[in-house]
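Same order as they appear, the protein sequences are chains A and B. FYI, in this note's numbering the residues of the first sequence are 5 to 585. FYI, in this note's numbering the residues of the second sequence are 5 to 585. Working notes for the structure below.
2 protein chains.
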Amino acid sequence: MRARQFFITTLKEAPADAEIVSHKLMMRAGMIRKLSAGIYNYMPMGLRVIRKVENIIREEMNRAGAVELTMPLLQPAELWQETGRWDKMGPEMLRLQDRHEREFAFQPTSEEVVTDIARQELKSYRALPKNLYQIQTKFRDERRPRFGVMRGREFIMKDAYSFDRDVESAGKSYEQMYAAYRKIFDRLGLTYRAVAADTGAIGGDRSHEFQVIAETGEDAIVYCPQSEYAANIELAEALPLLAERAAPTQAMTKVPTPGKTACADVAALLGTALANTVKSLVLATDETDDSGAIVKSTVWLLLVRGDHDLNEVKAGKVEGLKNGFRFATEAEIVEHFGCKPGYLGPIGLKKPVKVVADRTVALMSDFITGANEADFHIAGVNWGRDLPEPDLVADIRNVVEGDASPDGAGTLAIQRGIEVGHVFYLGNKYSKAMNATFLDEDGKPKFFEMGCYGIGVTRILGAAIEQNHDARGIIWPDSIAPFTVAICPIGYDRAEDVKVAADALYADLTAAGIDVILDDRGERPGAMFADWELIGVPHRVVLSDRGLKEGQAEYQGRRDAEATKVAVAELAAFVKARLAP
Amino acid sequence: MRARQFFITTLKEAPADAEIVSHKLMMRAGMIRKLSAGIYNYMPMGLRVIRKVENIIREEMNRAGAVELTMPLLQPAELWQETGRWDKMGPEMLRLQDRHEREFAFQPTSEEVVTDIARQELKSYRALPKNLYQIQTKFRDERRPRFGVMRGREFIMKDAYSFDRDVESAGKSYEQMYAAYRKIFDRLGLTYRAVAADTGAIGGDRSHEFQVIAETGEDAIVYCPQSEYAANIELAEALPLLAERAAPTQAMTKVPTPGKTACADVAALLGTALANTVKSLVLATDETDDSGAIVKSTVWLLLVRGDHDLNEVKAGKVEGLKNGFRFATEAEIVEHFGCKPGYLGPIGLKKPVKVVADRTVALMSDFITGANEADFHIAGVNWGRDLPEPDLVADIRNVVEGDASPDGAGTLAIQRGIEVGHVFYLGNKYSKAMNATFLDEDGKPKFFEMGCYGIGVTRILGAAIEQNHDARGIIWPDSIAPFTVAICPIGYDRAEDVKVAADALYADLTAAGIDVILDDRGERPGAMFADWELIGVPHRVVLSDRGLKEGQAEYQGRRDAEATKVAVAELAAFVKARLAP
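Pasting the structure below:
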């Protein structure tokens, strides 16, 4: 491609609403242009990257035996009503009416439509397994769209759905997709981790997120440098930090802690470690009758060590909290604890509550909790002696850096990640809701076992940039760069030898199937170099009259500190040798 | 591709709502599946064709210097309000609101958005000319969607928009697109005509439709077999059929024609040729004041020969009718003619009307018209003698087969076509409305001269099938067939020699870059052949145990009446030689 013929519109400054580096750089590099909040034009430069990402995904999906189709953007409400999601999906799902006032959703995802296809077209076990995918625009009406393509409203996703005759076969389909995703993210040239994720109501261990590692990532991901263990923070198991409970050594003492509601402040005041304190969190569950009216509420006290944080996903798996919980109201707290939040604890309750201790808390001794009296805590508390054993002991906290890895292989580390892919076993949740069956070998109808597999195509651009940039701009991996090589001739339109050498190199590399941009715009060298560094082309060749007189050109990789002089005769071969295989 | 791994779902019967052959065959071949009225899943088999069509378009657009981008599906109302089209577009434009009640259109076309991009990004004449295109989903909320992909609601279009600094340069951009379209439709393997089309309010001669020839086409296209002349019926110029007006030979006579309102019936009753009668059509125009209230209406009488039809587009170009007209009300007709429709004519009016005679009518003599009295006509009418010369003479009729070609090269023929592409010069209509300017060489802002260029991607599938099918199914051109070659082994899973030969041919052709499907489903030969004939794969090879024992296989082109026996040793070379280059 020649630059004049292409569409290059770089900006000196990013617009004010671009908060994160990937958004800023995509705007400055002319990859995207905002049309409305969270809705972007994919400009020619950005579209080239999108297409390369799509092609890598498509090739690996096809190789894994998946079959591409395209499902419509507008999906009739009736299908979403079959699964109950028409009502359950919040305002993120964009609903609209056609001229005949029929209701539609602008697809945020396509489980309903693909299950509808399966129940019509996959009649026999002989047609299974089948994995159908599409690369298609999605819409999620985010309340506050931001961060460019990282949290846009209109975006491109690859979504795949597998249909199997039984759980075992579904497991194989899941493993195939997991392997295909590894290949995809390897080929995308990104540093990433596949981390185990929560499976929610479906259960089982078949849910993995693919996280691109970046300091700016929204998600905390937990891994063990000494092993393969990796999980997102919601799922990562926290082992007890104590091997066993030590015998009491202190008497229980009520201590004044005026105004000190935070564990850290209490520990500081009492001159002890934060790890000797216990944090109280009060939840509530409701029982309802058939009409939905609340007939009984139960108050729960969850205890985690002062230096730990409650993990709400884990709390949601505790027996009794599985069907949903809420934070207790202040009235409920006062009624049960006789005290407002800030000085709560498990001792001296007004009314019984269900006490759930984190695994570590259950093994603590001589610990400090709130006294259920304003401005007082109790120190030297011991289970069994000062209060009954907890009703339940469970893993209800987030792991922290340095925790033992649950696989026993070492200690855990935490890094930030950007979720760009997710593989998920769905079981028969959708097939059952939509009565989607096939005839099995025994002649009986059975529900499909399903899996779903998403990759955020446009989000990958943002994630790749968050991971790969410097002060000058983007640094694309070779495989998804809008152009692999930029040829920058100085004086293309006035120095004949420069033009001849640039054209020759362009022809040579293009003939070799390399994606080259020849900058024939006649920009000053500084502006030209700045453009290609901002845009993030990974390989650059500079040709100048002066250099050519010595038979030399300059090559510089986007991460190289300096240019390398290369003999013109060897230039094409030199560049080719530098490209990723 | 192996058939088991792919997704093949043919149907014996098309659904009842499929009226035309392309819709029926696309349903039966499993190319599309209806999700809602006018909204289809593009199934894997159909998507392969779509992708091939898209790729041919993309390659030729790129070759012609156009640059691809993607504009969003949801476009904010504000942009459409700038051009006034938010109000002008009818209910075909799907409007919706996001969660913040901001209004959007689901793009039916993208002039507004692309002009918005141009005014922001193309600041200087140095950036021009520029042609931006996208291949993107569109939505038009047809009142009565039908005919499958031929008139769907959600469909795929390639839309391109050119920006030039002046009219001359815009003309070159237009010619480039016209040439690119020729290449595209040539490569698609379709029989088509590029026909001149009406330019409406823009004027000029830069509007061409690309029409795929098919008996079932909605459009009448006019061409001269002896020359390059081709135009759609709306535009095709009708020359006068008479060289000059003959002198009167008959006296004017009022003749009873009870119940005969149609010219054909009158001619039959009077024993004369239909070509001696004149048909009266009554229009009206309104003048309004600033508030839009009608202050004056004018009634028009348009006269065409009895065997001709009024062309409303041409009527709309007559001086005085250019700003819009309507058919006159019965009250207006009675007021001016003293008679209800059926016996109207230019003689004996109650109130003056503007008389517009078609070129041929103006040269007629001794003709027959209505008498403005129920059940009577007047014969032997002559201009000048019996009534004044017409106020205006104009080309206001459709051409008919056998008319002289306007280029003087022969006589016109008419065939049916399906419009699949359109190139159109827009001038500065949108750039002016949206104040989209660039700085010209003289430092002054100028409006972009624009053109727009559409191709109906999904519609091409329907058009290709309407043109290329037989009783057994679709006959795809090689370039867009879902698979180019179908290998049909008989007994693939039981006859080892068949499996070996089929696998070898599959490997050979695949290695040569040919798109092959190997039918490993184990279907009976009849069912297998019927499937591939229905789906329309253009080349088929049958391998059987019996044939192989004689060292032979069978090749059959989709249009061949019979199979050809081919020695297995020469099979791959034989098939390759049969493929379109």
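Ideal Cβ positions, reconstructed from N, Cα and C, are used throughout, including at glycine. All values derive from a computational prediction rather than experimental measurement.
Quiz item: Are the region 210-221 of chain A and the region 484-495 of chain A in contact at 8 angstroms, needing three or more beta carbon pairs?
Solution: Because the criterion of three Cβ pairs below 8 angstroms is not met, the region 210-221 of chain A and the region 484-495 of chain A do not touch.
Quiz item: How would you call A:T364, buried or exposed, if buried means at least 16 neighbouring beta carbons within 10 angstroms?
Solution: Looking at its Cβ environment, which holds 16 or more other Cβ atoms inside 10 Å, A:T364 is buried.
Exercise. Identify, in the order they occur along the chain, each residue of the same chain with its Cβ nearer than 7 angstroms to the Cβ of B:P252, setting aside the five sequence neighbours on each side.
Key: Beyond the five residues adjoining it in sequence on each side, B:P252 comes within less than 7 angstroms, by CB distance, of S369, D370, N386 and R389 in the same chain, given in chain order.
Quiz item: If contact means a Cβ-Cβ distance below 9 angstroms, which residues of the region 72-87 of chain B contact chain A?
Solution: Those residues of the region 72-87 of chain B that come within reach of chain A (Cβ to Cβ, closer than 9 angstroms) are E72, L73, T74, M75, P76, L77, L78, Q79, P80, E82 and L83.
Quiz item: Of all the options B:D91, B:M47 and B:L132, which has the alpha carbon lying nearest to the alpha carbon of A:D120?
Solution: When the alpha-carbon of A:D120 is set against those of B:D91, B:M47 and B:L132, the nearest one is in B:M47.
Quiz item: Going by the CB atoms, is the gap between A:I60 and A:L274 shorter than 8 angstroms?
Solution: Not a contact, by the Cβ cut-off of 8 angstroms.
Practice problem: Identify the continuous beta strand (DSSP E) that holds A:P244 and give its terminal residues. | Solution: Going by DSSP, A:P244 is part of no beta strand (DSSP E) at all; its letter is neither H nor E.
Quiz item: Excluding sequence positions up to five away, which residues of its chain have a Cβ less than 6 angstroms from the Cβ of B:A268?
Solution: Once the five neighbours on either side are set aside, the close Cβ partners of B:A268 are L278.
Quiz item: Pick from A:L465, A:A266 and A:G384: whose alpha carbon is nearest that of A:A255?
Solution: Ranked by Cα distance from A:A255, the options A:L465, A:A266 and A:G384 are led by A:G384.
Exercise. Would you mind stating whether A:L325 and A:L287 have Cβ atoms separated by less than 8 angstroms?
Key: Yes, the pair counts as a contact, with Cβ atoms nearer than the cut-off.
Quiz item: Mind checking if B:T265 is an interface residue toward chain A, Cβ cutoff 8 angstroms exclusive?
Solution: It does not: the Cβ of B:T265 has no partner Cβ on chain A nearer than 8 angstroms.
Quiz item: The beta strand (DSSP E) with A:M75 in it runs from where to where?
Solution: Per DSSP, A:M75 lies in no beta strand (DSSP E) segment and is marked neither H nor E.
Quiz item: Residues bridged to A:S435 by DSSP?
Solution: None, per the DSSP bridge assignment.
Practice problem: Please determine, among B:S211, B:I237, B:D411 and B:K28, the residue with the shortest C-alpha to C-alpha distance to B:Y457. | Solution: Selected option, being the one with the closest Cα: B:S211.
Practice problem: Compute the beta-carbon to beta-carbon distance between B:A440 and B:A234, rounded to the nearest angstrom, for a pair I have assumed lies under 8 angstroms. | Solution: Taking the Cβ atoms as the reference, B:A440 lies roughly 33 angstroms from B:A234, outside the contact range of under 8 angstroms.
Self-check item: Residue of A:P133, A:G42 and A:Q230 minimising C-alpha distance to A:P149
Solution: Looking at A:P133, A:G42 and A:Q230, the one whose alpha-carbon comes closest to that of A:P149 is A:G42.
Quiz item: With a cut-off of 8 angstroms, do at least 3 Cβ pairs link the region 161-169 of chain B to the region 469-478 of chain B?
Solution: Remark: fewer than three beta-carbon pairs, one from each stretch, lie closer than 8 angstroms, so the region 161-169 of chain B and the region 469-478 of chain B are not flagged as touching.
Practice problem: Please report the residue range of the alpha helix (DSSP H) in which B:N59 lies. | Solution: DSSP places B:N59 inside the alpha helix (DSSP H), whose first and last residues are P48 to R67.
Quiz item: Taking only runs of the beta strand (DSSP E) that begin and end inside the region 363-397 of chain A, which ones reach a length of at least 3 residues, in chain order?
Solution: Note on the region 363-397 of chain A: whole beta strand (DSSP E) runs with a minimum of 3 residues are 371-377 and 380-385, in chain order.
Exercise. Could you list which residues in chain A have their beta carbon closer than 7 angstroms to that of B:M47, in chain order?
Key: The answer, in chain order, is L73.
Quiz item: Out of curiosity, what's the CA-to-CA distance linking B:I337 and B:K344?
Solution: When rounded, the distance between both Cα atoms is 7 angstroms.
Quiz item: Are any of the Cβ atoms in chain C nearer than 8 angstroms to that of A:D145?
Solution: No chain C is part of this structure, whose protein chains are labelled A and B.
Practice problem: Report yes or no: do three or more beta-carbon pairs, one from the region 428-435 of chain A and one from the region 349-359 of chain A, lie closer than 8 angstroms? | Solution: Taking 8 angstroms as the limit for Cβ pairs, the verdict is that the region 349-359 of chain A does not touch the region 428-435 of chain A.
Quiz item: Does any residue of chain B bring its CB to less than 8 angstroms from the CB of A:Y44?
Solution: At a cut-off of 8 angstroms between beta carbons, A:Y44 contacts chain B.
Quiz item: Is A:T74 closer than 8 angstroms to B:L51 when the C-beta atoms are compared?
Solution: Yes, these two residues count as a Cβ contact at 8 angstroms.
Practice problem: Can you give me the Cβ contacts of A:V461 inside the same chain, cut-off strictly under 8 angstroms, excluding the 5 residues immediately before and after it? | Solution: Around A:V461: I54, V57, E58, I61, I139, F159, I160, M161 and K162.
Practice problem: Report the residue from B:M97, B:Y496, B:V502 and B:V153 whose alpha carbon sits nearest the alpha carbon of B:M30. | Solution: Distance from the Cα of B:M30 is smallest, within the candidate group B:M97, B:Y496, B:V502 and B:V153, for B:V153.
Quiz item: So, B:L243 versus B:A408, is the Cβ gap smaller than 8 angstroms?
Solution: Cβ distance < 8 angstroms, so B:L243 and B:A408 count as in contact.
Self-check item: Amino acids of chain B, ordered along the chain, whose beta-carbon sits closer than 7 angstroms to that of A:D102
Solution: Residues of chain B passing the Cβ test: L98 and D145.
Quiz item: Going by Cα to Cα distance, which pick from A:A332, A:F452 and A:G320 is closest to A:A174?
Solution: Out of A:A332, A:F452 and A:G320, A:F452 has the C-alpha closest to the C-alpha of A:A174.
Quiz item: Would A:P133 be called buried (16 or more neighbouring beta carbons within 10 Å of its own) or exposed?
Solution: Classification of A:P133: buried, given that the 10 Å Cβ count is 16 or more.
Self-check item: Distance between A:V282 and A:L307 (C-alpha atoms, nearest Å)
Solution: Rounded to whole angstroms, A:L307 to A:V282 spans 6 angstroms at the Cα level.
Quiz item: Using 8 angstroms as the Cβ pair cut-off and three pairs as the minimum, do the region 81-96 of chain B and the region 78-89 of chain A touch?
Solution: Per the Cβ contact rule, the region 81-96 of chain B is not in contact with the region 78-89 of chain A (fewer than 3 Cβ pairs under 8 angstroms).
Quiz item: By how many angstroms is the C-alpha of A:K321 removed from the C-alpha of A:A332?
Solution: Cα to Cα, the separation comes out at about 18 angstroms.
Quiz item: Where A:F11 and A:M49 are concerned, what is the direct C-alpha to C-alpha distance, given to the nearest angstrom?
Solution: Straight-line measurement puts the Cα of A:M49 at about 7 angstroms from the Cα of A:F11.
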